[in-house]
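Trainee: The structure follows.
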Amino acid sequence: MNSEPDIVIIGAGAAGIGAARRLAETGLAVLVLEALPRLGGRAWTLHGAGAPLDMGCEWLHSGDRNPWTQIAEQSGFVVDRSSPAWESQYHNLGFSPAEREAASAEFDAWSERLAMNPPASDRAADALALDAKWTSYLQALSGYISGDELERISARDYAAYDTASSHCNWRLEAGYGTMITANFPARTDFSLATSVEAITLGRFVTVHTPAGDISARAVILTVSTNVLAGNAMALPSALDPWREVARFLPLGSNEKIFLEIIGDSPFVPESHLIGDPHDPTTASFNIRPYGRNVIGCFLGGAGARVAQAEGEAAAFDRAIGQLAALFGNDVRRCLRPLLASNWSRTPTIGGGYSHALPGFAPMRDVLARPFDNRIFFAGEATHKTDFSTAHGAYLSGLRAADEAISALIK
Ligand SMILES: Cc1cc2nc3c(=O)[nH]c(=O)nc-3n(C[C@H](O)[C@H](O)[C@H](O)COP(=O)(O)OP(=O)(O)OC[C@H]3O[C@@H](n4cnc5c(N)ncnc54)[C@H](O)[C@@H]3O)c2cc1C
7 MNSEPDIVII
17 GAGAAGIGAA
27 RRLAETGLAV
37 LVLEALPRLG
47 GRAWTLHGAG
57 APLDMGCEWL
67 HSGDRNPWTQ
77 IAEQSGFVVD
87 RSSPAWESQY
97 HNLGFSPAER
107 EAASAEFDAW
117 SERLAMNPPA
127 SDRAADALAL
137 DAKWTSYLQA
147 LSGYISGDEL
157 ERISARDYAA
167 YDTASSHCNW
177 RLEAGYGTMI
187 TANFPARTDF
197 SLATSVEAIT
207 LGRFVTVHTP
217 AGDISARAVI
227 LTVSTNVLAG
237 NAMALPSALD
247 PWREVARFLP
257 LGSNEKIFLE
267 IIGDSPFVPE
277 SHLIGDPHDP
287 TTASFNIRPY
297 GRNVIGCFLG
307 GAGARVAQAE
317 GEAAAFDRAI
327 GQLAALFGND
337 VRRCLRPLLA
347 SNWSRTPTIG
357 GGYSHALPGF
367 APMRDVLARP
377 FDNRIFFAGE
387 ATHKTDFSTA
397 HGAYLSGLRA
407 ADEAISALIK
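Count along the sequence shown from 1, add 6, and you get the number used in my numbering.
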């Protein structure tokens, strides 16, 4: 490990990898430090039941303008451009076409109000219709999209993402995490399982780790807002304003659990279900992607918090119970717990993805400001419109690297 690089990048998630890729084009000496024993951060593909399973990012949102699409194809990965099954409900189980139409109309009207006539309070919940009948469904969607309840979501922030999104969602059969980590630049120096405990400022920026101190001319800090706002890394008091701002852009709660399908089952490849549209904690079930014998259950907001509070075994039971309620009790015999994420309790991550609290959407720009031309901030939360995504994280890494390059190469 080089103890005197030009630039230290803290965090090897999509943002850190983006910054490393840009810096690899320069002659600057770069060292990437990652607390986890693997690359990727929230981009993490595991293998279960013979299939790659994305524990974090999975969909190339805004795929037609997502920089990872081109990187994937240039590095030999196949991008699957077929439309997701999200908007369908397999055999209308538990959610009739008329109900779906009414619920979607309420969601569309709410989204339009956020964009065209946002509430003065900036609370996304205040854009709900007075006679709203599908609030539980909208809360479940808010959990998936933003990781938290509508009362805690900034209307401006939500609308900024939604307006910029191309609503084109693609996939990678090999897994988004696999592709992102495969694109870590080959010759860049990095150290895994190396947690930065403190940063101090002197003539150089010193990064303190259990493996020793590193002095650099600049640091790119890509940790999540929950990590930044927490106490795990001691920062100079000059960075208190960044810590404060991070509190207004917290990570919501998002988790996934995977079930394995054993033997004959009624589950049809590439189908989808909302467990119970009247329950704001309901899972969204992604059934047999690519024909695999796996069901991915996506949880957001209250649903993810319940899963974390009750523990893994209860979360599996709950998911199997929801499927049994729709398909009949017999399906229990062909479903087995496989894998579960634990993002909220992973100390170096701390949740799902960022959303702005009401009134605080402009804080994304504030968080992205460099300090003293020596500490540069990246990470999904610093992107004004593509926050909460792997491509927003990547673009923020490019931006921070460009800022560092102009500061160091005069
Ligand atoms: C369940 C779930 C589903 C998702 N689905 C999608 C999706 O379908 N599409 C999409 O685009 N996005 C999705 N996302 C969001 C996407 O994964 C993230 O926005 C993106 O990966 C964040 O990248 P990042 O580099 O900003 O942060 P991170 O990935 O969090 O990277 C920061 C890194 O810093 C490291 N770190 C923290 N503290 C220290 C320290 N003290 N010292 C050294 N290193 C440290 C962390 O371990 C981490 O690896 C999902 C996320 C989750 C949780």
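Built from N, CA and C at the ideal position, the CB exists for glycine as well.
Going by DSSP, which residues form a beta bridge with proline 343?
Mentor: Within the sequence shown, residue 343 is the residue found at index 337, counting from 1. Proline 343 pairs with Leu265.
Trainee: Where glutamate 179 and threonine 212 are concerned, what is the direct C-alpha to C-alpha distance, given to the nearest angstrom?
Mentor: Position 173 of the sequence shown, counted from the start, is the residue given in the question as residue 179. Position 206 of the sequence shown, counted from the start, is the residue given in the question as residue 212. Each residue's alpha carbon lies about 41 Å from the other.
Trainee: So for serine 412, helix, strand or coil by DSSP?
Mentor: Position 406 of the sequence shown, counting from 1, holds the residue named residue 412. DSSP places serine 412 in helix when its eight states are reduced to three.
Trainee: Would you kindly report the start and end of the unbroken alpha helix (DSSP H) that includes leucine 147?
Mentor: Here residue 147 is taken as the residue at index 141 of the sequence shown, counted from 1. From DSSP, the alpha helix (DSSP H) with leucine 147 extends over 141-152.
Trainee: So, threonine 194 versus glycine 17, is the Cβ gap smaller than 7 Å?
Mentor: By one-based count along the sequence shown, residue 194 stands at place 188. By one-based count along the sequence shown, residue 17 stands at place 11. In this structure, glycine 17 does not lie closer than 7 Å to threonine 194 by Cβ.
Trainee: Within this structure, are the beta carbons of tyrosine 182 and cysteine 63 separated by less than 7 Å?
Mentor: For the purposes of this step, residue 182 is taken as the residue at position 176 of the sequence shown. For the purposes of this step, residue 63 is taken as the residue at position 57 of the sequence shown. For tyrosine 182 and cysteine 63, yes; Cβs fall inside 7 Å.
Trainee: Can you pull the DSSP bridge partners for aspartate 60?
Mentor: Residue numbering aside, residue 60 sits at position 54 when the sequence shown is read from its first letter. DSSP, once it has assigned bridges, lists Thr51 as partnering aspartate 60.
Trainee: Counting C-beta neighbours from all protein chains within 10 Å, is the total for threonine 354 16 or more, i.e. buried, or is it exposed?
Mentor: Position 348 of the sequence shown, counted from the first residue, corresponds to residue 354. Buried, since its Cβ has 16 or more Cβ neighbours within 10 Å.
Trainee: Among the residues of its own chain, which have a CB less than 7 Å from the CB of serine 406, if the five just before and after it don't count?
Mentor: For the purposes of this step, residue 406 is taken as the residue at position 400 of the sequence shown. According to the sequence displayed, residue 406 carries alanine and not serine. Answer for alanine 406: Ala25, Ile226, Phe382, Phe383 and Ala384, listed in chain order.
Trainee: Any idea if arginine 209 is buried or exposed, counting beta-carbon neighbours within 10 angstroms, 16 or more meaning buried?
Mentor: Within the sequence shown, residue 209 is the residue found at index 203, counting from 1. By the neighbour-count rule (16 or more Cβ atoms within 10 Å), arginine 209 is not buried but exposed.
Trainee: Using 6 Å as the cut-off, classify the Cβ of alanine 3 as near or not near the heavy atoms of ligand 1, replying yes or no.
Mentor: For the chain, the structure presents residues 7 to 416; residue 3 sits outside this window and is missing.
Trainee: Which residues share a DSSP beta bridge with aspartate 86?
Mentor: Mapped onto the sequence shown, residue 86 falls at position 80. DSSP output for aspartate 86 lists Arg177 as bridge partner(s).
Trainee: Below 8 Å on the Cβ atoms is my contact criterion, and I expect alanine 252 with alanine 235 to pass it. Report the Cβ-Cβ distance as a whole number of Å.
Mentor: As a first step, residue 252 must be located in the sequence shown, where it is residue number 246. As a first step, residue 235 must be located in the sequence shown, where it is residue number 229. Indeed they touch by this definition, with Cβ atoms about 4 Å apart.
Trainee: So within the segment 353-402, which uninterrupted alpha helix (DSSP H) runs reach at least 4 residues, ignoring any that extend past its ends?
Mentor: Runs of the alpha helix (DSSP H) inside the segment 353-402: 369-373.
Trainee: For my contact list, leucine 52 and leucine 305 are in at a C-beta cut-off of 8 Å; report their separation, rounded to the angstrom.
Mentor: Here residue 52 refers to the residue found at position 46 of the sequence shown. Here residue 305 refers to the residue found at position 299 of the sequence shown. Leucine 52 to leucine 305, Cβ: 17 Å. No contact.
Trainee: Quick one, are the C-beta atoms of arginine 324 and alanine 330 less than 7 Å apart?
Mentor: Position 318 of the sequence shown, counted from the start, is the residue given in the question as residue 324. Position 324 of the sequence shown, counted from the start, is the residue given in the question as residue 330. No, they are not a contact pair.
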